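Undergrad: Reminder that position 139 of the sequence shown reads as 139 in UniProt numbering, one-by-one numbering, no gaps.
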Amino acid sequence: MPSPSQLRNGGGEGQQGLPPLARGSPPLPNYQNQRHNHHQHFHSTVSVQRLRRVNALTLLLRLAAFCFCFASAVFMFADNARSPGSPSWLDYDPFRFVLAANAIVALYSFAEMGASIWEVLKGSTLLPEPLQLWFDFGHDQVFAYLLLSAEAAGTGEAVGLRKGKDSCSSGKAFCVQADISIALGFVGFVFLALSALFSGFRVGCYLLTGSRFPL
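1) Would you decide whether D79 is buried or exposed? Buried here means 16 or more other CB atoms lie within 10 Å of its CB.
2) With a 10 Å radius around its C-beta and 16 neighbouring C-beta atoms as the bar for buried, classify G114 as buried or exposed.
3) In angstroms, rounded to a whole number, what distance separates the CA positions of L61 and V54?
4) So F143 packs on L192, CB below 8 Å; how close in whole Å?
5) Give the DSSP-derived three-state secondary structure of Y145 in the structure shown.
6) Is the distance from the Cβ of S199 to the Cβ of D140 below 9 Å?
7) By how many angstroms is the C-alpha of F66 removed from the C-alpha of F174?
8) Which runs of the alpha helix (DSSP H) at least 4 residues long sit entirely within the stretch 154–209? Give them in chain order.
9) Do you know how far the Cα of P94 is from the Cα of G156?
10) Please name the residue in L107, W118, R96 and L57 whose C-alpha comes closest to that of F68.
11) For V120 versus L147, is the C-beta distance shorter than 9 Å?
12) Once DSSP output is grouped into helix, strand and coil, what is the label at T125?
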């Protein structure tokens, strides 16, 4: 039985008659740390899911730009002379510009689709992150202006053909197909412009936070 002095000095049993922990026994679990770790894991899971959605949206924009620009180039290329006296896109420099610009943007969008698929599957950029962000932003800007200039030139030429004396009387199908090609190119420009805005947003996030997404 412990003496009164031992009880005063903390000997014997612990406070309120509880025995002290056995030496070498595992510590009690820290529920606060477990709760914090669970919260971090939940936040990380939500961030990954959100990142995948954003990458999927980028891929859809690239896919839409590719489809419309490719269709525009095909329509313009097929708008050729059906008879010896009928008009052809080769006879008009603005229509050549439309075909070339849409073909270039279609190839660029196809390459960007590959980079977007890589980012969706791997969760990282194909190139080093800063290089990839600036590459996307710069090329989106250049090709968007190129495509807009081509479609504007093609629109002016198409309007001039319809107002001219020869207008489209001898080649009505030619004018209609050229109009369809230009319209498809404008839609492709819209999706490319949205991609440019999004790539600019990613560059801004990287400059401010050090990450391409503020998650």
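Glycine is no exception: its CB is placed at the ideal position from the N, C-alpha and C atoms.
No experiment lies behind these values; they were computed from the predicted model shown.
TA: According to the structure data:
1) buried
2) exposed
3) 11 Å
4) 6 Å
5) helix
6) yes
7) 24 Å
8) 172–209
9) 8 Å
10) L107
11) no
12) coil
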